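Each remark here refers to the structure printed beneath this line.
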Amino acid sequence: MSEDFGPAGMAGAPVATVALATTGASVTWVAIAGAATVLLGIILVRVARRRSRDRGSEAR
208 MSEDFGPAGM
218 AGAPVATVAL
228 ATTGASVTWV
238 AIAGAATVLL
248 GIILVRVARR
258 RSRDRGSEAR
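Each residue of the sequence shown is one higher than the one before, starting from 208 at the first, in this note's numbering.
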């Protein structure tokens, strides 16, 4: 068990750190993409409502 703490046991530490950093970056990008999609949806709904309201006032 003591050899797990030696240089050979620590060789996987940088790989694990990079893997965690990559996973964290992926989660961040997915969160950013999700937030951007929701924001775009909100903007499109507001524009669509405004246009339909403007068309209704033009018809009168």
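We treat Cβ as the ideally placed atom computed from N, Cα and C, and that holds for glycine.
For clarity, every value in this text was computed on a predicted model and none was experimentally measured.
Rounded straight-line distance, which links the Cα of Gly248 to that of Arg262:
In the sequence shown, residue 262 corresponds to position 55, counting from 1. In the sequence shown, residue 248 corresponds to position 41, counting from 1. In a straight line, the C-alpha of Arg262 is about 21 Å away from that of Gly248.
In whole angstroms, give me the CA-to-CA distance for Arg253 and Val245.
In the sequence shown, the residue the question calls residue 253 occupies position 46. In the sequence shown, the residue the question calls residue 245 occupies position 38. For Arg253 and Val245, the distance between alpha carbons rounds to 12 Å.
Just how far apart, CA to CA, sit Val237 and Ser264?
Position 30 of the sequence shown, counted from the first residue, corresponds to residue 237. Position 57 of the sequence shown, counted from the first residue, corresponds to residue 264. Between Val237 and Ser264, the C-alpha separation is close to 41 Å.
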